[in-house]
Amino acid sequence: MKKALFCLLVLALIIPAQATLVNRYSFTTGGTLAIDSVGGKDGNLMNGATISGGQLVLNAGASGRSAPHVALPADVLSDYTSVSIEFWYTINIDQNWQRVFDFGETDGSNGGNYIMYTPTSGGTDAGTSRFSITTGGIPGYLEEYGEQWAETDNSALNVEIHAVCVYDETTSQMRLYQNGVLVDEITTKHSLTNVARSMALIGAALYNDPGYSGTINEFRIYDHVMSDEEVAFNYTLGPDTYNRVVVESVTPTDGAKNVATDPTLSWTVASDITPSGYHLYVGTDPNMLDPNANMTTYATVANLALTANSHALSSLDRETTYYWRVDTTADGKTYISYTYTFDTLPNSPIIVTPPTHQYVMLGDDAVYTLVTQKPIPGSSDITINWYKEMGETDQELTSGVGNVTIDTINDGDIYTSTLTFSNVTAADDGLIYATATNTGGTSTTANVMVYVKRLYAYYPFEGNADDASGSELHGTGATLGTEPDNILPSYSAGVSGQAVDLSNTYKNYIDLPDGFANFLGGITINFWAKPTAAGGWANFMQFSNGAPLENIFVSRESTTSNFIFRNATGINQNTLLRGTVAIEQDKWQMFTATQDASGVAKLYKNGLQYYYFNTNGTHNTPQVTMPMPTNITRVNNYIGKSAWNDAYFNGQLDEIRVYNYALTADEIAAQYYADGGVPACQVKPEADLNNDCQVTIADVAIMAAGWLDCGLYPESTCQ
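Counting from 113, one number per residue, gives the positions in the sequence shown under the numbering used here.
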């Protein structure tokens, strides 16, 4: 089996310009002020907040603005359209909804039009940390005001955590980092400019929520977006150490591949910096990635004091990763840079264009192309082989065997190989890779998918829970009820033929086999339901590895009539997609949840994309972008049951279909009609006045009736 070696390089990829630090609170001064050493926007220590040992100390004994906190100037966010807020904190009490910061406005008891961070939004073991924004009004959590958030499971109590909250106006994204790593990002409909500049609190809430209990080591605000690299860099440096990175671009670019063994390193610095010199460090030791490292120890190739902003190297080793850093001296200060990497030319063939994932419909062709190049012009020939991962022993793919065709041609030093799977079937699903070999060695591509889009599982419930899709994912009736309530699911008349009858009293459900692994090309869950009770969080269907690991589920939201679709990557529960007031009791209805390959998720009911009206009368069609589910075998897969201690589904389910791609609106409407649903009105014509989804003489009659009306005042002037 092909093996892969993974090395975590903390400061990889192309380095963008650094965000501007505009406010820095290091909490090194006592008294009644929290000093801003950069922007001069000092904060006031309120209600017993103290500074000790270089940290802000908050021991909450009250809620809301009565708790100890720091009141920053209300306009601390100024007129920023993007912002990054960075801090190091340690909580010592697990109390839900305490705040590290809360910027916005309040009506006295509730907050609104805010941006805030809580390390404990619920749960156990310090709960879940959440970075939220809402700009619709007060209170901000109301459905119609559309609060949105990025979140992650938090670390244990009494442990210092580094967090960065980023609002990026350019991409309309919120990003949350914890201990140097991006843990969640969402696309938001809110704008930072609509966040109220009325109050800016550290350690207290705009709501009447508990005050913060613990310490805050340092608190910073940037008026631009921090990059992944800067976040990781600052985390490694730690609090009380700030370093502006003045190097703005480098050659070779960070992470460059196939660099010559005699490269010239060059760099540019910020226009407001007048360098008096540089110090260049180059080596092969990954410890150079640590900005706190003693560079003279690890700079084995070059350790040079320079006045020019470039330097030529020679005689580097082939097939080697090099690390380099250039520190800038200006105005008596030394500005250290990120550590950049590049890989030198290999001895083995150079992969110029690797194959890419192919998402194809059942019966189509899947085509993969690999372009390689000799590492030295005129060197030995290249041999290309293709493989499919098959467990411990991978299978070499051979042209002419089965539905496989391989064509390889060479043009001088360039070799191009094309692999084709003709008329793909479900059996072609899997991972493939290629190798290119010469006398210098073998280069191997990354795994790519043969992703066959198809009906993945289908449960018509004709007296059993067999899978009629051909995937052999047969279900088994099960119960966790105790005698005499240990009754297995039964079958009775449904939408089409029979349906499965499930009962919360009997705790019965359909147990599905392991699998439901790969939905990287999208997913559709389509089913008919006739609920007879509103069980708390009753799942219609779930694929998981236990709560809350790698879940994909559709369920009721608590005991409401809301229909929800959600997935989890790892333990991170991704953004919730909710259809408000969608589920009706004692009535057959078809629900559909889709997520396409770009992550966009949608809900449908009875063949149409679901919408509802907000309390202010506006129209809401739920749609969110969520991370794609991880490609991982799921072992807790159920119909009518969840991996949590939730209620079992009570009622009937029928015609459950799971696809590994997102059906279109037309396909969903067609399925609804094929199952016996009434014709659906997908797009209402503009001139349809009687709401029958067509323009006929009846609409003309309604329009003509209006011709006789006169709205003039006084009425006597009407002719």
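Cβ coordinates follow ideal geometry from the N, Cα and C atoms, glycine included.
Return helix, strand or coil for Glu662, following the three-state DSSP convention. The answer is coil: DSSP assigns Glu662 none of H, G, I, E or B.
Can the beta-carbon of Asn598 be found less than 9 Å from the beta-carbon of Ala755? Contact: no.
How many angstroms separate the CA atom of Thr218 from the CA atom of Ser233? Computed Cα separation, rounded: 19 Å.
Taking just the CA atoms, how far does Leu349 sit from Thr396? Cα-Cα distance, rounded: 21 Å.
Between which two residues does the beta strand (DSSP E) harbouring Leu765 extend? Gly763 to Tyr771 is the span of the beta strand (DSSP E), which, as asked, contains Leu765.
Going by alpha carbons, who is nearest to Thr557 out of Ile463, Thr162, Met502 and Phe655? Closest option to Thr557, Cα to Cα, is Ile463.
Tell me which residues share the same chain as Val712 and place their Cβ nearer than 6 Å to its Cβ, disregarding the 5 neighbours each side in the sequence. Cβ-Cβ distances below 6 Å link Val712 to Thr737 in the same chain, with the five nearest sequence neighbours on each side left out; the list follows chain order.
Gly444 versus Tyr434: straight-line alpha-carbon distance, rounded: Just so you know, the alpha carbons of Gly444 and Tyr434 end up roughly 29 Å apart.
What is the DSSP secondary structure of Leu304, reduced to helix, strand or coil? Here Leu304 sits in helix by DSSP.
For Asp477, which residues of its own chain have a beta-carbon under 8 Å away from its beta-carbon, when the five flanking residues on both sides are left out? These residues qualify, in order along the chain: Thr532, Phe533, Ser534, Asn535 and Val536.
Tell me which residues share the same chain as Thr140 and place their Cβ nearer than 6 Å to its Cβ, disregarding the 5 neighbours each side in the sequence. Counting only Cβ-Cβ distances below 6 Å, and skipping sequence neighbours, we find Gly166.
Report the three-state DSSP secondary structure of Gly235 (helix, strand or coil). With a pLDDT of 46 at Gly235, under the threshold of 50, the predicted position of this residue should be treated as unreliable, though the coordinate-derived value follows. Annotated three-state conformation of Gly235 is coil, per DSSP.
With C-beta atoms as the reference, is Ala308 less than 9 Å away from Phe215? Closer than 9 Å, so yes.
Mind checking Leu416: buried by the 16 CB within 10 Å criterion, or exposed? Result: exposed.
Name the one or two DSSP bridge partners that His469 has. Partner(s): none; His469 has no beta bridge.
Can you grab the Cα-Cα spacing for the pair Ile814 / Pro797, in whole Å? Rounded to whole angstroms, Ile814 to Pro797 spans 15 Å at the Cα level.
Compute every distance between the C-beta of Gln697 and the non-hydrogen atoms of the ligand ATP, then say whether any falls below 8 Å. What this structure holds is no ligand at all, so the ligand ATP is not there to describe.
Rounded to a whole number of angstroms, what is the C-alpha to C-alpha distance between Thr193 and Ile250? One C-alpha to the other measures close to 22 Å.
Boundaries of the alpha helix (DSSP H) in which Met407 is found, first to last residue: Taken as a continuous stretch (DSSP letters only), the alpha helix (DSSP H) holding Met407 covers Met407 to Tyr410.
Among Asn616, Pro601, Thr617 and Lys301, the one whose alpha carbon lies nearest that of Gln610: In terms of CA proximity to Gln610, Pro601 leads the group Asn616, Pro601, Thr617 and Lys301.
Cβ shell of Arg865 (< 7 Å), same chain only, five flanking positions each side left out: Lying outside 113 to 831, the shown extent of the chain, residue 865 is not represented and no answer is given.
What is the rounded straight-line gap between the Cα of Thr246 and the Cα of Leu288? Cα atoms of Thr246 and Leu288: separation of roughly 16 Å, rounded to the nearest angstrom.
When the Cα of Ala268 is compared with those of Asp280, Met286, Gly258 and Ser241, which residue comes out closest? Across the set Asp280, Met286, Gly258 and Ser241, the C-alpha of Ser241 shows the shortest separation from the C-alpha of Ala268.
Given a cut-off of 9 Å on the beta-carbon distance, is the pair Lys619 and Gln764 in contact? With respect to the 9 Å criterion, Lys619 and Gln764 are not classified as neighbours on the basis of their beta carbons.
Roughly how many angstroms lie between the CA atoms of Asn732 and Thr376, to the nearest whole one? In this structure, the alpha-carbon of Asn732 lies about 56 Å from that of Thr376.
Using the rule of at least 16 other Cβ atoms within 10 Å of the residue's Cβ for burial, across every protein chain shown, is Arg177 buried or exposed? Arg177 is buried by the Cβ-count criterion.
Same chain only: Cβ atoms within 8 Å of Thr236, ignoring 5 sequence neighbours per side: For Thr236, the predicted model reports a pLDDT of 40, less than 50, meaning its position is unreliable; a value from the coordinates is still stated below. Closer than 8 Å at the Cβ level, and outside the excluded window around Thr236, lie Asp206.
8 Å Cβ shell around Thr132 - same chain, five flanking residues per side excluded: Sequence-distant partners of Thr132 (beyond 5 residues in either direction) whose C-beta falls short of 8 Å from its own C-beta, in its chain, are Tyr334, Asp335 and His336.
Helix, strand or coil: which one does DSSP assign to Thr505? In the three-state scheme derived from DSSP, where H, G and I count as helix and E and B as strand, Thr505 is classed as coil.
Alpha carbon to alpha carbon, how far is Thr451 from Val413? Roughly 15 Å separates the two Cα atoms.
Met740 - DSSP class collapsed to helix/strand/coil: Here DSSP, grouped into helix, strand and coil, assigns Met740 to coil.
Give the single residue among Ser196, Asp623, Asn576 and Tyr784 whose Cα lies nearest to the Cα of Leu89. An answer regarding residue 89 cannot be provided, because it is not within the stretch 113 to 831 covered by the chain.
Could you check where the alpha helix (DSSP H) with Asp78 kicks off and where it finishes? The requested residue 78 is not part of the displayed model; the chain covers only 113 to 831.
Whole-Å CB distance - Gly252 paired with Gly223, under 8 Å assumed: Indeed, because the Cβ distance is near 6 Å, the residues count as touching under 8 Å.
Using three-state DSSP, classify Leu592 as helix, strand or coil. In the structure shown, Leu592 sits in coil (DSSP, three-state: anything other than H, G, I, E or B).
Taking C-beta to C-beta, are Ile494 and Tyr527 nearer than 9 Å? The criterion of a C-beta distance shorter than 9 Å is satisfied by Ile494 and Tyr527.
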